[in-house]
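Chemist: Quick one: this structure, given as structure tokens, is what I'll be asking you about.
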Amino acid sequence: MSAFSEQSLRKLFLVVLIAGFAVKIFAGYQIKDSFTKRGNSKTYLNALACNMYLHHEYSLTTGTPSVDYEPLYPALMSLGYAFSGFNWLGITIIQALLHLLTSFLLFKIVTSLFNSMAGFFAALYHVCYPYLFTYSLSIYDHTLFVFLLVLLVYLIVSKPLNTSHLILAGIITGLAFLTRATILTFIPPVLLFIFYIKRKEKNFNYAFTAVVLYLSATALTLTPWLMRNYSYTGRFLISTHGSFGMWQGNNDYSEEYLRNDRSLDQIYRLNPPPEIYRQYPLAARTPKDAVVAADAYKKESVQWIENHFAQFVRMGFLKAQKLWSWNRNPQTVNLKFGSNEGRQWVYFVSYFPLLLLAPFGFVILFRRNKPVALMLAGILLCFTGAHMIAMGFTRARIPIDFILMMCSGIALAFVLTKFFPSLKFSLNDR
């Protein structure tokens, strides 16, 4: 492809980004009246954000500090409220910008790995992906979390692994921990990738130093929050809500609900509720009481696994299947904003092409850049493994779909340049 044609593609991509941002703001305005009824607007995340904005404290109830949830997304929400008040505008603008930046970063990553055409397709898919698009219009932490994940990949894949980039990557990892604990599944593959690249550059000590530098930056980013929670609980912890999710995925009801595509949230809403939930219902608690409740749920789930290990293993494969299924699950109970059939159709049409294209793109990437391909595969495997232990359903997979988009973009560009050789980029094709 000529330099002019490549320049034209980049201009087209800029138009796509601007149009995507404008459409989000327009869509947000059109559905603004339902903003407080969509997403997690009525969960504790919103209560935390409101108290941060109104009372400048991280609490569910005024005057009682909270350790229940990771703080970064509520902090972002509070900025939105500070900008526009308690309405849709501030949060929608912030999340639309983050979504735009994520698309741009995907373009840069895939362009560096293959060519600008592949980068364009990967980023275009991200711009139009229904779930990430709609989540950016509602109170969900997906938009922030995916932005941090893609920024992390960009720093270690598309930039030289020098001291400043390693420190910045560690800071981004720390911020991701303060958004969602599932960033933990990225750590082993990322560490191996950094170690391999630096070991190849020089020697073992050089590689080890790079890994320590990255981990130190992550730890330092987390230190203020860990110290804050330690002062309240006597433990170094980021949040306490993870134990509840672990119990949801490992109890006497879990397998039946998973097989029937029923939300695991319905388990604690049973009448009468399970005994553990009767003792420790979802509620605002003091930090020490929150730790007691978290320990109880952790103990309950571990004991269940020990007593039902064969079922736990069997259920792990079921969770993995549900995580990667082309059938959207679980079924939605609240149908105010569309039917299950409509949601399934949108999900299938948007996700199934990724399932078809991504494996081919991965093979092409593996032949060109084995370390990056293996790191991405490691992330997918670790992410899947974690959800085999806890909970598995399609929405839980959405944050890592950008990896499928990267590989799909490469596959599409490869096929097009094979059939239309004139489309090859003189600068980016290797």
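Be aware that the sequence shown starts at 95, since it is given in the working numbering, and climbs by one per residue.
Every residue, glycine too, gets a C-beta built ideally from N, C-alpha and C.
On a predicted model such as this, the values are computed, not experimentally measured, just so you know.
In terms of residues, what are the limits of the beta strand (DSSP E) holding S333?
Modeler: Looking at the DSSP string, S333 is not in any beta strand (DSSP E), and its letter there is neither H nor E.
Chemist: Which residue's Cα is closest to the Cα of F201: I187, Q189, H220 and I185?
Modeler: Of the listed residues, the one whose Cα sits closest to F201 is H220.
Chemist: From what residue to what residue does the beta strand (DSSP E) around L155 run?
Modeler: The sequence given here has Thr at residue 155, not Leu. Here the beta strand (DSSP E) through T155 covers S153 to T155.
Chemist: Please classify P424: does DSSP put it in a helix, a strand, or coil?
Modeler: P424 falls in the coil class under three-state DSSP.
Chemist: Hey, could you find the ends of the alpha helix (DSSP H) I458 is sitting in?
Modeler: Note, I458: alpha helix (DSSP H), N434 to R462.
Chemist: Could you say which of Y391, M171 and G472 lies nearest to Y138 if we only look at CA atoms?
Modeler: That would be M171, whose Cα lies nearest to the Cα of Y138.
Chemist: Just to confirm the assignment, what range does the alpha helix (DSSP H) spanning E164 have?
Modeler: Looking at the DSSP string, E164 is not in any alpha helix (DSSP H), and its letter there is neither H nor E.
Chemist: Do L166 and S160 come within 8 Å of each other at the CB atom, strictly closer than that value?
Modeler: Not in contact: S160 and L166 (Cβ atoms no closer than 8 Å).
Chemist: If distances are taken between C-alpha atoms only, which option among I281, N297, K294 and T312 comes closest to I266?
Modeler: Ranking the options by Cα distance to I266, first place goes to T312.
Chemist: Tell me, to the nearest whole angstrom, how far the beta carbon of P424 is from that of D355; I am working on the premise that it is less than 8 Å.
Modeler: Contact holds; Cβ gap of about 5 Å.
Chemist: Any chance the segment 191-200 sits against the segment 455-470, with 3 or more Cβ pairs inside 8 Å?
Modeler: Too few Cβ pairs lie closer than 8 Å, so no.
Chemist: Is it true that the CB of L331 sits closer than 8 Å to the CB of M211?
Modeler: No, these two residues do not count as a Cβ contact at 8 Å.
Chemist: For Y234 and K296, I'd like the C-alpha separation in whole angstroms.
Modeler: C-alpha separation (whole angstroms): 43 Å.
Chemist: Leaving out five residues on either side along the sequence, give the residues of the same chain with a beta carbon under 7 Å from the beta carbon of A507.
Modeler: Around A507: F208, N209, M211, A212 and F215.
Chemist: Can you give me the C-alpha to C-alpha distance between L364 and A480, rounded to a whole angstrom?
Modeler: Taking the straight line from one Cα to the other gives about 26 Å.
Chemist: Spatial neighbours of L255 within its chain, please: CB distance less than 6 Å, with the 5 preceding and 5 following residues excluded, ordered by chain position.
Modeler: I291.
Chemist: By Cβ distance below 7 Å, which residues in the same chain neighbour N527 in space, the five residues on each side in sequence not counted?
Modeler: Residue 527 is absent from the structure shown; the chain starts at 95 and stops at 524.
Chemist: So what does T158 bridge to, in DSSP terms?
Modeler: Answer is T155.
Chemist: Should K131 and W182 be called a contact, given that it needs their Cβ atoms to be closer than 8 Å?
Modeler: Their beta carbons are not under 8 Å apart, which means K131 does not touch W182 by this criterion.
Chemist: Which of the three DSSP states is assigned to R329 in this structure?
Modeler: Three-state DSSP puts R329 in coil, outside helix and strand.
Chemist: Please specify which runs of the alpha helix (DSSP H), each continuous and at least 4 residues long, are wholly inside the segment 182-216, giving them in chain order.
Modeler: 182-207, all fully within the segment 182-216.
Chemist: For the segment 106-149, which segments carrying the alpha helix (DSSP H) assignment without a break, of at least 4 residues, lie completely within its bounds, in sequence order?
Modeler: Runs found: 138-149.
Chemist: In angstroms with no decimal places, state the Cα-to-Cα distance between R293 and Y445.
Modeler: So the two alpha carbons sit approximately 37 Å from each other.
Chemist: F477 to A270, Cα distance in whole Å?
Modeler: Rounded to the nearest angstrom, the two C-alpha atoms are 15 Å apart.
Chemist: Based on Cα-Cα distance, which residue from S230, P375 and A484 lies nearest to G339?
Modeler: Closest by alpha carbon: A484.
Chemist: According to the Cβ coordinates, are I187 and I119 closer than 8 Å?
Modeler: For I187 and I119, yes; Cβs fall inside 8 Å.
Chemist: What are the complete alpha helix (DSSP H) segments, minimum 4 residues, inside the segment 328-396?
Modeler: 336-342, 348-353 and 369-373, all fully within the segment 328-396.
Chemist: Hey, M482 and G436 are a contact pair by Cβ (cut 8 Å); roughly how many whole angstroms apart?
Modeler: Their Cβ separation, rounded to whole angstroms, is 30 Å, which puts M482 and G436 out of contact at 8 Å.
Chemist: Please state whether DSSP places L521 in a helix, a strand or coil.
Modeler: Residue confidence for L521 is low, a pLDDT of 43 falling below 50, so the modelled location carries little weight; the figure read from the coordinates is stated next. In the structure shown, L521 sits in coil (DSSP, three-state: anything other than H, G, I, E or B).
Chemist: Within a Cβ cutoff of 7 Å, which residues of the same chain sit near A190, ignoring the five residues on either side of it in sequence?
Modeler: Closer than 7 Å at Cβ, skipping near neighbours: F115, K118, I119 and S230.
Chemist: Going by beta carbon distance, what residues of the same chain come within less than 8 Å of P493, once the five residues before and after it are set aside?
Modeler: Closer than 8 Å at the Cβ level, and outside the excluded window around P493, lie H236, F239, V240, L243, R274 and T276.
Chemist: Under 8 Å by Cβ, that's how I've got Y391 and S357 pegged, so tell me the actual separation to the nearest angstrom.
Modeler: With 8 Å as the limit, Y391 and S357 do not qualify as a contact, their Cβ atoms being about 18 Å apart.
Chemist: Rounded to a whole number of angstroms, what is the C-alpha to C-alpha distance between N145 and W319?
Modeler: Approximately 17 Å between the Cα atoms of the pair.
Chemist: Quick check on DSSP: helix, strand or coil for F302?
Modeler: Looking at F302 - three-state DSSP - the assignment turns out to be helix.
Chemist: Mind checking V306: buried by the 16 CB within 10 Å criterion, or exposed?
Modeler: V306 is exposed by the Cβ-count criterion.
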